[in-house]
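Sequential numbering of the sequence shown, starting at 213, is according to the UniProt record's numbering.
Glycine is no exception: its CB is placed at the ideal position from the N, C-alpha and C atoms.
Encoded as structure tokens, the structure appears first; notes follow it.
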Amino acid sequence: EHEVAEYRSSLGIRVSGVDVPRPVKTFEDCGFSAELLKAIAKQAYEKPTGIQCQALPIVLSGRDIIGIAKTGSGKTASFVLPMIGHIMDQPELEKEEGPIGVICAPTRELAHQIYVEAKKFAKAHNICVSAVYGGMSKLEQFKELKAGCEIVVATPGRLIDMLKMKALKMSRATYLVLDEADRMFDLGFEPQVRSIVGQIRPDRQTLLFSATMPRKVEKLAREILTDPIRVTVGEVG
Ligand code: ADP
Ligand code: MG
């Protein structure tokens, strides 16, 4: 235990919550498939970043997480890599039954970046990723979602539009990520985020990432996460 505490502090990691899994040192420690490890190596990711070392084992254990770390610290892979395993573990159903993983991000640019990163790893297992954000034809997007996919990366407004149009069902969604939660609030998406969360089964796994934790985000986290573990890396405001 002392060693674990020292390792965490060497990475600037602070944790709170019950039964926190030990941080990993390598991607091999995570139990990823050979295909996924190969895809990681192809990105030239030699070893996990600080947030990844602690967030990966937490998420892989099925726990809810609040991840707080500054921009550029590698948060995307913290939620994308375990999502691949989560999807592989689900019974095979028709893609038309809707996505298993749902990722919300505040802006088109961010949603697109996550989409690109997710595709690199999803490819390893032929998992399909769709991007859902403004600036693309709603009809095209509707058709794409109707055809089905396992992962949806979306901005809250456009995802609500697609849900209203019944482009996708949420019955199979069990892995929800709210990325850059603080910015989603800054941009006024709290009602949309709450509406989306309300349409996803309560026995889902929920991951919330943010660079800062203002009181409103803290309140949302208390309401929508179950027994979460909080991980903070470095100095955050
Ligand atoms: P954040 O979401 O915390 O702002 P990102 O997930 O966008 O950070 O990652 C920032 C950059 O670091 C990206 O270019 C990403 O490809 C790269 N990256 C992520 N994880 C690793 C890693 N383990 N090793 C090397 N580079 C990484
Ligand atoms: Mg990010």
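Item	Value
Between the CA atoms of leucine 248 and isoleucine 299 - distance to the nearest angstrom	13 Å
Stretch-stretch touch, CB-based, cutoff 8 Å, three pairs: the stretch 312-330 with the stretch 272-286	no
Proximity test, glutamine 302 beta-carbon vs ligand 2 heavy atom, cut-off 8 Å	no
Nearest residue (CA-CA) to serine 273, options Thr261, Ser285 and Phe291	Phe291
Segment contact flag, the stretch 381-388 with the stretch 415-432, C-beta cutoff 8 Å, min 3 pairs	yes
Where tyrosine 387 falls: helix, strand or coil (DSSP)	strand
Residue nearest to phenylalanine 421 in terms of C-alpha spacing, selected from Pro368, Lys287 and Ala379	Lys287
Residues that DSSP places opposite alanine 366 in a beta bridge	Cys316 and Val344
Those runs of the beta strand (DSSP E) which lie wholly inside the stretch 378-447 and span at least 3 residues	387-390, 417-422 and 441-445
In chain order, each beta strand (DSSP E) run of at least 3 residues that lies wholly inside the UniProt domain "DEAD-box RNA helicase Q" (237-265)	none
For valine 230, the first and last residue of its enclosing alpha helix (DSSP H)	First-last for valine 230: undefined, no H or E at that position.
Rounded straight-line distance, which links the Cα of glutamate 258 to that of threonine 424	27 Å
Euclidean distance between Cα positions of serine 285 and arginine 434	24 Å
Span of the alpha helix (DSSP H), counted from its first residue to its last, around glycine 360	Unbroken run through glycine 360: none, as it is neither H nor E.
Nearest to proline 233 (by Cα), restricted to the options Met374, Ile270 and Met382	Ile270
Per-residue burial, aspartate 301 [other beta carbons within 10 Å of its own, 16 or more giving buried]	exposed
Sufficient close CB pairs (3 or more, under 8 Å) joining the stretch 390-403 to the stretch 316-327	yes
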